[in-house]
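Residue numbers (the numbering used here), protein chains in the order written: chain A, 711 to 960; chain B, 106 to 538; chain C, 15 to 504.
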Amino acid sequence: MLEIRNLHVSVGDREILKGLTLTVKDGEVAAIMGPNGTGKSTLSYVIAGREGYEVTQGEVLINGENILDLAPHERAARGLFLAFQYPVEIPGVATMQFLKAMLNAQRRARGEPELQTPDLMKLVREAAAKLGVSQEMLRRPLNSGFSGGEKKRMEILQMALLEPSVGILDETDSGLDIDALRVVSDGVNSLRSPQRSFLVITHYQRLLDYIRPDSVHVMAQGVIQRSGGPELALELEKNGYRDYLAGEAA
Amino acid sequence: MIKLANEADAIYEAQYQTMQKSGAAQRRAGSYQAFLERGLPNRRVESWHYTDLKAALAKPAPLAAGDERKPLLARTHDSIRLVTLDGKFRPDLSDLSELPVGLRVRSLHEALADDNPEINVALWPDGAGAEDAAVALNGALMQDGVVVSVSSGATIARPIEFVTLVGASLPEAIFTRSALIVGAGASVKAIETAGVLERETSNATQLNHLLALRLEHDSKLDMLSHISGFGGDSVSVFSLNAHLASHAQLKAHQLIEGGGLLRRQLFAALDGEFAGASFNGVTLARGRQHADTTLFVDHRQPHGASHERFRTILDEHAIGVFQGKIVVRPGAQKTDGVMQSKAILLSDGATMNNKPELEIFADDVKCGHGAACGRLDQDQLFYLMARGLPRGEAQSLLLEAFANESLIDISDYRSRDFVLERIGGWLAERTPS
Amino acid sequence: MMAARQETVARVEAIDVDAYKYGFTTDIESEKAPKGLGEDIVRFISAKKNEPEWLTQWRLEAYRRWLTMREPDWARVHYPPIDYQDLYYYAAPKSTPGPKTLDDVDPELLRTYEKLGIPLREQEILAGVETRKIAVDAVFDSVSVATTFKEELAKAGVIFCPISEAVQTHPELVRQYLGSVVPVTDNFFATLNSAVYSDGSFVYVPKGVRCPMELSTYFRINEQKTGQFERTLIIADAGSYVSYLEGCTAPKRDENQLHAAVVELVALDDAEIKYSTVQNWYPGDSSGRGGIYNFVTKRGDCRGRNSHISWTQVETGSAITWKYPSCILRGDNSQGEFYSIAVSNGHQQVDSGTKMIHLGRNTKSRIVSKGISAGKSQNTYRGQVSAHRRADNARNYTQCDSLLIGHDCGAHTVPYIESKNTSAQFEHEATTSKISEDQLFYAMQRGLTAEEATALIVNGFVRDVLQQLPMEFAVEAQKLISISLEGSVG
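In structure tokens, the structure reads:
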């Protein structure tokens, strides 16, 4: 379960999140929609613990524990996974080497023995096959020279391997064609479970045709402006974000 | 009593008088003269812009005496090992039985006594290396070393390993010079290892070592140099002087683990058409270590190629230096020279000085260099941490990848694994920042 | 065919003589200080300028210091020893003892500037540009002979006048800032300049003022055996902006003439200074005889937060150039830039570049250097980028490209990149190449001559830098580069 309580975040002198509150229950898929530049990516980065953001007030809890004082890897160990909007290229690090480091870090945090290479290979190959991640991609350096679709599939592969309790998808649909979108969405849908919460951040309704949310939240001007069911997304698709920007444009 | 300009000069003068009696008197005199004309370099000497050797060697240590003890040496590489300990070539510690056909090994002493022109030209290379004051001092005071010749056309499968060890527990000055002559068409692998023998070894050794390489027409040499373990007060200069004839190919990698003040100088003269040299390396330094790599590539003939890729990782208060100069002489048309140096500073106390130079006197060339310096990419670091890797581990992963960039040319996977393992070990010793 | 070839040969032989169109001399009587250098000469210059005692003492201190200094020898330039006693340190056109208006200026002088294309009549503006105004300070040998648009500038509060005049009218500003960027003891040539400088321009832009027009100084050396030691001081007070242009020429003479200028720029909080130079001193003839020794110290101090100094230079002249316009990035968030084109031909020797010294936090610098060597010339880029311990998040990007035309020239790159801060990010790229045969062939196949094709490609090569120049100067600079390279392709 992910709980965000009265979250205020500033970058430099500018307050970006202004008291945002949101709960995503176990098994729930919540979508956050909002216009560009409204702080959606800030929210995902702050939850994951990126530097450069100052939390001035509020809490973020995963399964009841406030994670804001934890380093990014400690949050990951608590079961948080962020699928990046722009997955970072790391040229010198082989993808397989990275996946091994990632999985073993999780195992160490849980006090489990590290994976042996053959087991790891088996695990990765199976998960990769489901997502259409080729062996050739696994041999390349992490995200280097990957297409937009390949990068996003790699993110979902990592999520499948880590089996998080909270998954945040930050604009996962950006830069994807319909086929890639379907593959990625199928990957996410197959990971839906009663123990897992998802927060899907998106600008467009399109992604929500593939990943059906349980709840939809409109974010603008640093707070959640309105919450509702899946029908809210359709309304936004029709009317746009005008109604929520009135105060900002003035 | 005549008072010499300073204490150091007087000591070197006395050491020179001693070494004069041990052969090659005339050549030693020439080198000593060259040394006197220059003196120990300070930072006003352009090629020593970031390293003050004169200050570091204000008090020269006494010449190493050597002893007859026979330590047991662990074997790191599957190689033909040729060991110099405390300034003396030690046949008893070397793999001299059953040398492969085409390989000849003798001590520097024997070589100097032979006075063979072919060996002399290898041992006393001309060019920029010869003009360096530290090399000149080495020429005057060299105590011993090992000279290896590979006959024309020979292919030696096992690497020839030049091991330079220091074992004395008191601070001593050691001057060694070795040579590897690769005959026309021959193909060889070499390893250069320099380090200390044991924990009790002095941490204030002064070592001045030169390895001269002479690659004849169409010969091929792959080599790996590994320098490590020198103590905090040590001062060492490791010179590599390579001379390449036409079509000769040299591929050199190095791993330098800092110790005291350490200067690595690489001199390469591409003296025949279509000669090719590549120098790649990783330098790791921490504490108050000062690690200087200075490279001088002299393109003397057309169609030469030189490629250099260096990576430096500095922690705590370490100082790193990379100076690289590519010279293209008039007429050396169609030269292809690319040099790249990148450094990562892990701590605010560390300093990196980069001086990549091009000096070009021929118009039909393609030369370039790049230098970069900074910290680890913060986005990459965050990404790895968001996937659960603790900061230290994430940093190590990125640093290994960074270092690995200079190793992509290593053809021997064992050498690569060895270097990566050492880097991993070095990184494991650091406290994450 | 024969005729065409002969013409080409003749042109190649005559390049320097023909190409340097500013090589005429002006026949004008001048007043000189006695030859040589001593405390008496320093006092003579100071007295000529009617300077206050502090400035006389300042000069004398510089002179005494200079006597203890050695000429620098680290640059890649070679020249016979200069006899500093065989030079005149002061020469002034006799007829203009401090002209008050343009009408007081000797008509011969006005004709000189006209020939050089420099507008001294305020209504005359550089040909081809209608509405841009440029204020000009014209320095002839050792003195400023005319400054235009003074009144209009004064209305905006901008002070633009000869520095000798500023000493009289704004002594407090001169005293506060003179030598505060380039200290008296800085280097051999700067110290010499401090002792004997004769004139130069002074600019002060007050708080919050955007200077209403381009300011420019035009330097002309005319006299024989005369050193020119001008001193420029530009102060941009908080929140102000100024763009300043500098041009230089000299007559053709067989002897080498010494030019040792000092330029100091001070940018306070949020201020910006753009300083552009088109340097076209006489480069010497085709056998390497004569030409200006251009030994210049230029430095900008980004003293205030968010201050910004940018140097743009097009160097085609001088027998020897020794010059490193630099930025001291002292204020947090300050920015320094250096854009340079250095063209060398004949026997010219260029050793030029920049220093970007990052002292403050979040400071940024950018260096783009384009060197073109032809003939028997040697062209060196020498640059230093350093980040000090406090310089968190300092950034530098350097791009340094050299082009070689012909077999007998040299192109050299000597950067010093020094970082003491983990968050500082420095990147340096350098290349050396020749004009690609493919490009040349392509252009020639489309009908261009070898020279035209070369000029085309060279212009492409230097474009990044030309774009930094004010438009009218960019056009001039482009022509200059073509002229400088004439005869360099077979």
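Note that CB positions come from ideal geometry on N, CA and C, so glycine has one too.
For this session: Measure the alpha-carbon distance for E138(C) versus A168(C) and round it to whole angstroms.
Result: At E138(C) the pLDDT is 43, less than 50, meaning the model places this residue with poor confidence and gives no usable figure here.
For this session: Would you check if the distance between the CB atom of N270(C) and the CB atom of G305(C) is smaller than 8 Å?
Result: Contact check for N270(C) against G305(C) passes: the beta carbons are separated by less than 8 Å.
Problem set entry | Pair within 8 Å by beta-carbon distance, E53(C) and L69(C) | Going by C-beta atoms, E53(C) is not nearer than 8 Å to L69(C).
Problem set entry | Nearest residue (CA-CA) to H92(C), options Q392(C), P185(C) and I495(C) | Ranking the options by Cα distance to H92(C), first place goes to Q392(C).
Problem set entry | DSSP-derived helix/strand/coil call for E738(A) | The DSSP-derived three-state label of E738(A) is coil.
Exercise. Ordered along the chain, which non-local residues of its own chain (more than five positions away) have a Cβ less than 6 Å from that of S321(C)?
Worked result: A281, A285, G345 and S348.
Exercise. From which residue to which residue does the alpha helix (DSSP H) around G530(B) run?
Worked result: It spans Y518 to A533 - the alpha helix (DSSP H) in which G530(B) sits, taken as one unbroken run.
Exercise. Given that S433(C) touches chain B, what residues does it touch there, using C-beta distances under 9 Å?
Worked result: Within 9 Å Cβ-Cβ: A448, L450, A455, T456, M457, N458, N459, C478 and G479.
Exercise. What is the DSSP secondary structure of K493(C), counted as helix, strand or coil?
Worked result: Residue state, collapsed to three classes: helix.
For this session: Taking C-beta pairs closer than 7 Å, name the residues in chain B that L792(A) reaches, listed in chain order.
Result: For L792(A), the neighbours in chain B by C-beta distance under 7 Å run, in chain order, A491.
Exercise. If we count the other Cβ atoms within 10 Å of its Cβ and call it buried at 16 or more, is T446(C) buried or exposed?
Worked result: If you draw a 10 Å sphere on the C-beta of T446(C), you find 16 or more other C-beta atoms in it, and that means buried.
Problem set entry | Euclidean distance between Cα positions of H184(C) and I96(C) | Cα-Cα distance, rounded: 36 Å.
Problem set entry | CA-to-CA distance, T731(A) to I777(A), given in whole angstroms | In a straight line, the C-alpha of I777(A) is about 15 Å away from that of T731(A).
Exercise. Which one of L158(B), F507(B), A476(B) and Q120(B) has the shortest CA to CA distance from S341(B)?
Worked result: Comparing Cα positions, the closest option is L158(B).
Exercise. How about K312(C) and P339(C): do their beta carbons lie closer than 8 Å?
Worked result: Taking 8 Å as the Cβ cut-off, K312(C) and P339(C) qualify as a contacting pair.
For this session: Look up T827(A) in the DSSP assignment and say whether it is helix, strand or coil.
Result: Correct three-state label for T827(A): helix.
Exercise. Looking only at C-alpha atoms, which of H361(C), I386(C), H402(C) and K384(C) sits nearest to H572(C)?
Worked result: Chain C is shown from 15 up to 504; residue 572(C) falls before or after that span and cannot be answered.
Exercise. When burial is assigned at 16 or more other CB atoms within 10 Å of the CB, is I173(C) buried or exposed?
Worked result: Buried is the call here.
Problem set entry | Counterpart residues of H322(C) in DSSP-defined beta bridges | Paired residues: E286(C) and Q349(C).
Exercise. In this structure, what does DSSP give as the bridge partners for R368(B)?
Worked result: Per DSSP, V342(B) and D397(B).
Exercise. Does the separation of the CB atoms of L841(A) and R863(A) fall below 8 Å?
Worked result: Judged by beta-carbon spacing, R863(A) lies within the 8 Å limit of L841(A), meaning their Cβ atoms are closer than that value.
For this session: Return the chain-ordered list of same chain residues with a C-beta closer than 7 Å to the C-beta of R189(C), the five sequence neighbours on each side being excluded.
Result: The residues are W68.
For this session: Identify which residue in L326(B), G436(B), H474(B) and M444(B) has its Cα closest to the Cα of A467(B).
Result: If we check each option's Cα against that of A467(B), G436(B) comes out closest.
Problem set entry | Inter-residue spacing [alpha-carbon to alpha-carbon] between H474(B) and G420(C) | Looking at the two C-alpha atoms, the distance is approximately 22 Å.
For this session: State whether the region 763-773 of chain A contacts the region 884-902 of chain A, with contact taken as three or more CB pairs (one from each stretch) at a distance under 8 Å.
Result: Judged by Cβ distances under 8 Å, the region 763-773 of chain A makes no contact with the region 884-902 of chain A, as fewer than three pairs qualify.
For this session: Measure from the alpha carbon of P220(C) to the alpha carbon of each residue in V210(C), D251(C) and D213(C), then state which is nearest.
Result: For the options V210(C), D251(C) and D213(C), the alpha carbon positioned closest to that of P220(C) is the one of D251(C).
Exercise. Would you say I107(B) faces chain C, with C-beta separation under 8 Å as the test?
Worked result: Low confidence applies to I107(B): its pLDDT is 46, below 50, so where it sits in the model is not reliable, and the reading given next is rough at best. By this cut-off, I107(B) is not an interface position.
Exercise. Are there three or more Cβ pairs, one per stretch, closer than 8 Å when the region 269-277 of chain B is compared with the region 163-177 of chain B?
Worked result: Yes, the region 269-277 of chain B is in contact with the region 163-177 of chain B.
Exercise. Is the distance from the Cβ of R368(B) to the Cβ of T417(B) below 8 Å?
Worked result: No, the Cβ-Cβ distance between R368(B) and T417(B) is not below 8 Å.
Exercise. Taking DSSP as the reference, what is the three-state secondary structure of W336(C)?
Worked result: Of the three classes helix, strand and coil, the one that applies to W336(C) here is strand, per DSSP.
For this session: Decide if S330(B) is buried, meaning its Cβ has at least 16 other Cβ atoms within 10 Å, or exposed.
Result: Buried, since its Cβ has 16 or more Cβ neighbours within 10 Å.
Problem set entry | Backbone CA spacing between D196(B) and T189(B) [nearest angstrom] | According to the sequence provided, residue 196(B) is Pro. The question's Asp does not apply to it. If you take the alpha carbons of P196(B) and T189(B), they lie about 9 Å apart.
Problem set entry | Helix, strand or coil at F243(C) [DSSP, three-state] | Under the three-state reduction of DSSP, F243(C) is assigned to coil, being neither helix nor strand.
Exercise. Between I742(A) and H913(A), is the Cβ-Cβ spacing less than 8 Å?
Worked result: Result no, Cβ atoms of I742(A) and H913(A) do not sit closer than 8 Å.
Exercise. In whole angstroms, what separates the C-alpha of P113(C) from that of S215(C)?
Worked result: Any reading at P113(C) must be qualified, since the residue scores a pLDDT of 49, below 50, and its modelled position is unreliable; the value itself is stated next. Cα to Cα, P113(C) sits roughly 15 Å from S215(C).
Problem set entry | Partners in chain B for G305(C), counting only beta-carbon separations shorter than 7 Å | Near G305(C) there are no residues of chain B at all, since even the closest Cβ is about 22 Å away, more than 7 Å.
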